[in-house]
Amino acid sequence: MAEVTPSRSARAALRSDVTDGILGAVLDELAAVGYGKLSMDGVARRARAGKAALYRRWPSKQDMVLDAVTSISLPAGKSTSSGALPADIADLVHGVNDWLSDPLMSRILPDLLAEAKRNTDLAAALTARIAVSRREYGHLVIGAAIDRGELSPDVDVEYALDLVAAPIFWRICGRRQDTTPQFLDRVVDSVLHALGVERFDAG
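Under full-length UniProt numbering, read the sequence shown as residues 1 to 203, first letter to last.
This is how it looks when you write it as structure tokens:
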């Protein structure tokens with residue numbers, strides 16, 4: 001009789017401590033050597049796990065890396081608008097700041113983005129797994145503001161959402177400097193201005 005192989009979800013449920021340990025090792029290894037030099041052998045050594053334990057969970061390095069990076073990229077957050085656009089935009093800005101300020105993420109993300117320019121499969125996966133998901137709440141709150149009549153229906157949503165992240169990414173990952181409350185306030189004001197709203201006019 002053929003042996004029944006447990007599903008991936010069943011394996012993860014039974015050995016979640018091992019999975020968590022491996023994911024942590026992946027992040028540490030990514031920060032240390034980058035995506036290009038990361039290997040299953042290196043992760044296994046850092047995790048003090050057998051390489052078979054990795055392949056039971058992920059069929060490839062890319063799948064393993066995506067799960068690891070997603071684990072610190074999509075924290076539980078709000079799923080509904082507060083009804084006040086400035087407060088919602090501030091939540092978006094501070095959420096991006098918290099994400100990029102993570103010491104691991106600030107080292108990992110620039111390397112992954114550089115690799116994605118050379119690896120179209122990785123680029124598509126990063127967009128689907130992380131970029132789209134992180135922007136969902138932004139689309140939700142701006143859509144709610146449009147429904148309330150607070151914003152014009154033809155507002156450039158994508159440009160506004162780019163403005164949420166771009167200054168913070170460049171300050172932390174490009175210039176390698178910390179953000180400040182004053183800096184984040186200016187980002188919020190810039191996003192609101194791009195949407196055609198001044199902070200004192202809304203909410």
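No residue lacks a Cβ here, since even glycine has one placed at the ideal position from N, Cα and C. Computed from a prediction, not measured in an experiment: that's the story for all the values here.
Are the CB atoms of Q62 and L122 within a distance shorter than 7 Å? Their beta carbons are under 7 Å apart, which means L122 touches Q62 by this criterion.
6 Å CB neighbourhood of I108 in its chain, flanking five on each side removed: Listed in chain order, the non-local C-beta contacts of I108 below 6 Å within the same chain comprise L30 and A31, local neighbours out to five positions each way being set aside.
Assess contact between the stretch 128-145 and the stretch 66-76, defined as three or more Cβ pairs (one per stretch) separated by less than 8 Å. Is contact present? yes
Three-state class that DSSP yields for G203 in the structure shown: Its pLDDT being 42, under 50, G203 is placed unreliably by the model, and nothing is read from it.
With distances taken between CB atoms, is the gap from L27 to L104 smaller than 7 Å? yes
Rounded to whole angstroms, what is the Cα-Cα separation between H193 and A52? 53 Å
Between L163 and G138, which are expected to be in contact by the criterion C-beta below 8 Å, what is the C-beta distance as a whole number of angstroms? Not quite, the Cβ-Cβ distance comes to about 10 Å (not below 8 Å), so this is no contact.
What is the C-beta distance between L85 and V18, in whole angstroms, given that I count them as a contact (C-beta under 8 Å)? That pair is no contact at about 44 Å.
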